[in-house]
Amino acid sequence: MDKVLCIGELLIDFICSDFDVDLRQGVNFIKKAGGAPANVAAAISKLGGEAQFAGKVGADVFGEFLKNTLEESGVDASMLILDPRYKTTLAFVSLQSNGERDFIFNRGADEEFSYEELNKEEMLNAKIIHFGSATALLGGTSKECYIKAMKSAKDNNIFISFDPNYRVDLWKGKEDDFREISKSCLGYSDFVKVSDEEIKLISEEEDLSKAIKIFHELGAKVVAVTLGKDGTLISNGNDIEKVPSIKVTSIDSTGAGDAFVGAVLYKLLSMDNPKNIIDNFEALKDIIAFANTVGAIVCTKLGAIAALPTLDEVINIGSDESSAS
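Note that the sequence shown covers residues 1 to 325 in the UniProt record's numbering.
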């Protein structure tokens with residue numbers, strides 16, 4: 001089966017809906033499914049591709065909610081483990097008017113996902129494996145699982161996608177650890193998606209062209225640096241170009257980066273060998289333009305998974321853009 005397997009965390013985000021308060025003052029919270037790899041899987045499925053998710057949640061009401069959310073999005077959740085020994089990971093977040101974020105992270109089951117629990121046969125049946133975790137690299141058995149799975153995918157010539165998903169609140173005081181583990185992952189990666197902030201942090205280089213060169217030297221084959229409304233800087237090591245995005249009125253950028261990755265991987269699924277995209281820069285630019293559109297559409301709606309577009313929506317938006325120009 002031509003599918004993308006997404007490995008990483010799945011958790012509950014409790015988002016404070018009270019205006020301009022910290023968590024101490026907050027009273028009302030909205031429960032949302034969280035976890036970047038799950039968002040990527042849902043994006044692929046919504047576009048019409050086959051996506052599977054592997055990870056661990058608790059065997060509790062939150063874990064059941066997350067499993068149901070994946071399945072309702074069309075994602076194969078057969079590799080999701082509901083473990084009665086641990087609670088589902090929870091994050092509590094409030095946004096304040098000055099842009100600051102109050103954040104508490106109660107880590108649970110996702111940290112305990114081990115390589116021994118990963119279905120290797122299913123994993124190696126995937127055409128593409130996406131590693132896009134904000135938490136798996138923090139430590140615990142999940143970190144070992146992540147690295148071993150990456151190595152196994154590399155050894156079996158499976159196309160590897162990697163998004164380091166840096167979160168300030170999670171890595172505060174441990175930036176050097178994040179930098180080093182991210183660098184080691186680049187050596188396995190065929191496609192790497194980073195924000196401009198992330199590539200500067202990992203490479204310790206402010207100039208984006210030089211930072212991209214460092215990523216290639218570390219082993220990354222294709223590097224995509226997302227620049228928000230300015231589009232995406234894409235490089236395959238020989239060519240580099242900025243691919244513009246479409247103009248939209250953004251109301252919520254949550255999940256836009258994950259939708260972008262999902263769109264890229266959805267397009268790569270249709271190729272006999274996704275690795276061929278590395279040397280086909282014109283085709284790569286077309287895929288990135290498509291992914292930019294998907295990410296932009298997500299910014300026009302509220303929520304992450306709820307905002308993901310269907311293929312028809314993307315095609316219609318693209319048609320409207322062509323007519324306008």
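Ideal Cβ placement from N, Cα and C applies to all residues, glycine included.
All of these numbers come straight from a predicted model, not from anything done at the bench.
Inter-residue spacing [alpha-carbon to alpha-carbon] between I128 and A38: 15 Å
Continuous beta strand (DSSP E) stretch holding V93: start and end: L90 to L95
Judging by CA-CA distance, which residue of D110, E282, I297 and L137 is the nearest neighbour of P84? D110
So, with DSSP's three-state summary, where would you put C145? helix
Less than 7 Å between C-beta atoms, sequence neighbours within five positions excluded: which residues of the same chain meet that for L23? C16, F92, S94, D102 and I104
Return yes when the Cβ of A134 is within less than 9 Å of the Cβ of N106, no when it is not. no
By DSSP, does D155 sit in helix, in strand, or in coil? helix
Determine the direct distance from the alpha carbon of R167 to that of G173, and round the result to whole angstroms. 12 Å
I'd like the ranges of any alpha helix (DSSP H) spanning at least 4 consecutive residues and lying wholly in the stretch 2-55. 36-47
Identify every residue that forms a DSSP beta bridge with F162. F131 and V192
Is the stretch 274-284 in contact with the stretch 215-235, if contact means three or more CB pairs nearer than 8 Å? yes
Rounding to the nearest angstrom, what Cα-Cα distance links T310 and G48 in this structure? 8 Å
Look up G237 in the DSSP assignment and say whether it is helix, strand or coil. coil
Measure the Cβ-Cβ separation of A211 and V192 and say whether it is below 9 Å. no
By Cβ distance below 6 Å, which residues in the same chain neighbour C6 in space, the five residues on each side in sequence not counted? P37, V40, A41, F53 and H130
Buried or exposed, going by whether 16 or more other CB atoms sit within 10 Å of the CB of S78? exposed
Kindly indicate which residue of T249, D13 and N98 has the alpha-carbon position closest to the one of F19. N98
What residue range is occupied by the uninterrupted alpha helix (DSSP H) comprising R179? E175 to L186
How long is the line joining the alpha carbons of V57 and A149, rounded to whole angstroms? 19 Å
Verify whether the separation of the beta carbon atoms of E206 and K200 is less than 9 Å. yes
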